[in-house]
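Participant:
Residue numbers (our numbering): 149 to 436.
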């Protein structure tokens, strides 16, 4: 489902205007970008990063990456070094199908989970699914890179199930020796849908679905004076923060629930192709 051109233009313009304001408030080296959770449609965040300019991502003082945004972020960083596997033209056609294939989704698996999942306490999808998803889009060498070797000052946020606290995985933080594939298997591990990811003998889940999520976001907001927060729920601007919704699908929570249902039943999701088209358009537009 492609949007009417006028609606597409309006959203593209909203994203470009928000990014232009963000860039005008401070040098990029003093600015913070937070890519909040998106559910299965991680490509939503690509448009925001392309509007900033992918070559300028390494200049940002800090990038906080949460949940499904990890995959669009790493896919774009891989493009900086030519370590991506697939073009935007191919992603528009293939991206959604590849994601569903990596999940081995389908009616049978989902019905089994709904009927027996509560009794057996087994997640719907297999362990390692997100590493498989990442491998669809980036080279093996890129997926094997350590977080400490990433050319962008990124902080990947996880939730430690045993210590019951959020954990920052970064080149100057904990677990900087973890590979990107290992991080991918932890950062979007939604409880009940995926098993907890493991790093250094510890169990991690997606922080967006943890009891610490609200406090984590408050802490991230308190640290930044020029902060662009790309999220699925609210648009709002004040002197320090720009909340930006980079999608046209109304209630973000309902959108995520619908996207998970489509994924679970192996149904095509045209929103994903729309997100890649938007990213492609903004990649071609001049950077503010």
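Every residue gets a Cβ at the ideal spot worked out from N, C-alpha and C, and that includes glycine.
Under DSSP, the alpha helix (DSSP H) around residue 221 begins and ends at which residues?
Facilitator: Segment 217–228, the alpha helix (DSSP H) holding residue 221.
Participant: Looking only at C-alpha atoms, which of 182, 208, 173, 403 sits nearest to residue 418?
Facilitator: Considering only alpha carbons, the answer is 403.
Participant: If contact is defined by three or more beta carbon pairs under 8 angstroms, each pair taking one atom from either stretch, is the region 269–288 in contact with the region 176–186?
Facilitator: Judged by Cβ distances under 8 angstroms, the region 176–186 makes no contact with the region 269–288, as fewer than three pairs qualify.
Participant: Rounded to a whole number of angstroms, what is the C-alpha to C-alpha distance between residue 371 and residue 365?
Facilitator: Roughly 10 angstroms separates the two Cα atoms.
Participant: Which one of 375, 429, 405 has the shortest CA to CA distance from residue 211?
Facilitator: Ranking the options by Cα distance to residue 211, first place goes to 375.
Participant: Thinking C-alpha only, which one of 341, 322, 293 is nearest residue 222?
Facilitator: Checked all of 341, 322, 293; the closest Cα to residue 222 is 293.
Participant: Note down the Cα distance separating residue 329 from residue 229, rounded to an integer number of angstroms.
Facilitator: Taking the straight line joining both Cα atoms gives about 17 angstroms.
Participant: Please look up how many angstroms separate the CB atoms of residue 504 and residue 271, rounded, as I've assumed it's under 8 angstroms.
Facilitator: A question about residue 504 goes unanswered here, because the residues of the chain that appear run from 149 up to 436.
Participant: Do the region 422–429 and the region 235–247 make contact, defined as three or more Cβ pairs closer than 8 angstroms?
Facilitator: Short answer: they touch.
Participant: Let me confirm a value: residue 186 is counted as buried when at least 16 other C-beta atoms fall within 10 Å, else exposed. Which label applies?
Facilitator: Buried.
Participant: What is the DSSP secondary structure of residue 261, reduced to helix, strand or coil?
Facilitator: Of the three classes helix, strand and coil, the one that applies to residue 261 here is helix, per DSSP.
Participant: Between the beta-carbon of residue 334 and the beta-carbon of residue 368, is there less than 7 angstroms?
Facilitator: No, Cβ-Cβ distance for residue 334 and residue 368 is not below 7 angstroms.
Participant: Looking at the secondary structure, which residues open and close the beta strand (DSSP E) in which residue 180 lies?
Facilitator: That run of the beta strand (DSSP E) goes 180–183.
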